[in-house]
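With positions in the sequence shown counted from 1, the corresponding number in the working numbering is that position plus 52. We put the beta carbon where it would ideally sit given N, CA and C, even for glycine. Because the structure is a prediction, the values reported are computed rather than measured. Notes follow the structure.
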Amino acid sequence: MSYIFIMEKTSALLGAGCFWGVEEVFRRIDGVLDTKVGYAGGNFPNPTYQDVCSDNTGHAEVVQIEYDSTIISFQKILDHFWFCHDPTQFNRQGHDVGTQYRSIIFYHDLEQKKLSETYLEKLDNSGSWLSPIVTKIEKLENYYKAENYHQDYFKINPTQAYCSYVISPKVEKFKKVFSDILKEQ
C-alpha cells in the first residue's frame with residue numbers, strides 16, 4: 053500500500069524588526085519549509101542593505117516564510133508573528149530604529165488581509181498590550197531578496213555580538229513558550 057502526501061505550499065511576508073531574529077524564530081517552526089530575508093514595501097527598486105539602512109527607501113526588513121498549510125495555518129503564523137516582537141513600537145524594535153524595522157504584514161490575497169485585520173483588531177481590543185498596536189497591513193507590491201550574507205545569519209553567526217545579546221534571548225524565550233511546535237534542530 054502506498055500513501056500520497058499532499059503538501060500545500062503557501063507563503064507569508066512579515067516585518068517585525070531586524071530580519072535576522074525574525075527569520076531564526078520562524079525557521080524553527082514545524083511546517084515552515086523555508087525562510088528568506090529581504091526588503092518590501094518601498095519605492096526604491098533593487099535596494100541593498102545599505103540603501104534600506106539609510107531609511108530613505110520606504111522598505112521594511114522582512115522575512116518571506118514558505119510553509120505547508122496542511123501542517124501550520126496562516127493564523128498560527130500570525131500567532132508567532134505577534135509573539136516574536138512588540139507590535140506597539142512605531143518604526144522600531146528595541147534599539148533598532150527606523151522605518152525599516154516597522155511592524156508590518158504584507159498580505160498576498162484577500163483571505164490573508166481579512167485574517168490579519170481581524171486578528172489585529174481582536175488583539176488590540178483584548179488589552180494584551182498597554183499601548184495600541186501600530187502594525188501595518190498592506191498588500192504585497194514588491195519584494196527583494198536580501199544579499200546572501202543575510203540569509204540564515206543567526207544560524208551561521210550565533211556568536212556575533214548582536215546575535216548573542218539580542219537574538220539569542222528572543223529565540224530562547226520562543227523555544228520555551230512554543231516547544232511543542234518546534235522542529236528538531
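Does the beta-carbon of Lys61 have 16 or more other beta-carbons within 10 angstroms, so that it is buried, or is it exposed? Taking the first residue of the sequence shown as position 1, residue 61 is located at position 9. Lys61 should be labelled exposed.
Cβ-based neighbour list, Trp72, same chain, cut-off 8 Å, excluding 5 preceding and 5 following: Walking along the sequence shown from the start, residue 72 turns up at place 20. Answer for Trp72: Val89, His202, Tyr205, Phe206, Tyr214, Cys215, Ile219, listed in chain order.
Nearest-angstrom beta carbon gap, Leu85 and Phe158 [assumed within contact, 8 Å]: Here residue 158 refers to the residue found at position 106 when the sequence shown is read from its first residue. Here residue 85 refers to the residue found at position 33 when the sequence shown is read from its first residue. About 18 Å; that fails the 8 Å criterion.
Supposed contact pair Gln164 and Cys70 - C-beta distance, whole angstroms, cut 8 Å: In the sequence shown, the residue the question calls residue 70 occupies position 18. In the sequence shown, the residue the question calls residue 164 occupies position 112. The C-beta distance from Cys70 to Gln164 rounds to 23 Å, too long to meet the 8 Å contact threshold.
Quick check on the burial criterion: 16 or more other C-beta atoms within 10 angstroms. Buried or exposed for Gly93? Mapped onto the sequence shown, residue 93 falls at position 41. Buried: at least 16 other Cβ atoms inside 10 Å.
Considering only DSSP beta bridges, list what Lys191 is partnered with. Counting from 1 along the sequence shown, the entry for residue 191 is found at position 139. Here Lys191 is bridged, per DSSP, to Tyr159.
Grab the span of the beta strand (DSSP E) containing Val84 for me, first residue to last. Against the sequence shown, residue 84 aligns to sequence position 32. Taken as a continuous stretch (DSSP letters only), the beta strand (DSSP E) holding Val84 covers 84-92.
Identity of the residue in Ser180, Asp232, Asn194, Asp161 nearest Asp138 by Cα: Taking the first residue of the sequence shown as 1, we reach residue 138 at position 86. The shortest Cα separation from Asp138 among Ser180, Asp232, Asn194, Asp161 belongs to Ser180.
Determine whether the beta carbon atoms of Cys136 and Val229 lie at a separation below 8 Å. Here residue 136 corresponds to residue number 84 of the sequence shown, with the count starting at 1. Here residue 229 corresponds to residue number 177 of the sequence shown, with the count starting at 1. With contacts defined by Cβ atoms closer than 8 Å, Cys136 and Val229 do not form a contacting pair.
Where Ala246 falls: helix, strand or coil (DSSP): What the structure shows of the chain is the stretch from 53 to 237, and residue 246 is not part of that stretch, so it cannot be assessed.
CB of Leu192 within 8 Å of CB of Asp82, strictly: Looking up residue 192 in the sequence shown gives position 140. Looking up residue 82 in the sequence shown gives position 30. If you check the CB distance, Leu192 and Asp82 do not come in under 8 Å.
What alpha helix (DSSP H) runs, 4 residues minimum, are completely inside the region 78-157? Those alpha helix (DSSP H) runs which fall completely within the region 78-157 and span 4+ residues are 101-105, 126-135.
Kindly indicate which three-state DSSP category Lys61 falls into: helix, strand or coil? Within the sequence shown, residue 61 is the residue found at index 9, counting from 1. Annotated three-state conformation of Lys61 is strand, per DSSP.
Contact defined as beta carbons within less than 8 Å: I believe Val115 pairs with Glu173. What is the distance between those atoms, to the nearest angstrom? As a working note, residue 115 is residue 63 in the sequence shown. As a working note, residue 173 is residue 121 in the sequence shown. Not quite, the Cβ-Cβ distance comes to about 23 Å (not below 8 Å), so this is no contact.
Excluding the 5 residues preceding and the 5 following Glu199 in the sequence, name in chain order all residues of the same chain whose CB lies nearer than 8 Å to its CB. The count along the sequence shown starts at 1 and reaches residue 199 at position 147. If we look at Glu199 and ignore the five residues flanking it on each side, its Cβ neighbours are Thr100, Tyr101.
With Tyr196 and Asn108 assumed to form a contact (beta carbons below 8 Å), what rounded beta-carbon distance in angstroms separates them? As a working note, residue 196 is residue 144 in the sequence shown. As a working note, residue 108 is residue 56 in the sequence shown. Distance from Tyr196 to Asn108 at the Cβ level is roughly 15 Å; contact not present, criterion being Cβ atoms closer than 8 Å.
Once DSSP output is grouped into helix, strand and coil, what is the label at Leu167? Taking the sequence shown and counting its residues from 1, one reaches residue 167 at position 115. Helix at Leu167.
How big is the Cα-Cα spacing for Glu224 and His111? For the purposes of this step, residue 224 is taken as the residue at position 172 of the sequence shown. For the purposes of this step, residue 111 is taken as the residue at position 59 of the sequence shown. Those two C-alpha atoms are separated by around 28 Å.
Return yes when the Cβ of Phe126 is within less than 8 Å of the Cβ of Leu162, no when it is not. Start at 1 with the first residue of the sequence shown, and residue 162 comes out as number 110. Start at 1 with the first residue of the sequence shown, and residue 126 comes out as number 74. Judged by beta-carbon spacing, Phe126 lies beyond the 8 Å limit of Leu162, meaning their Cβ atoms are not closer than that value.
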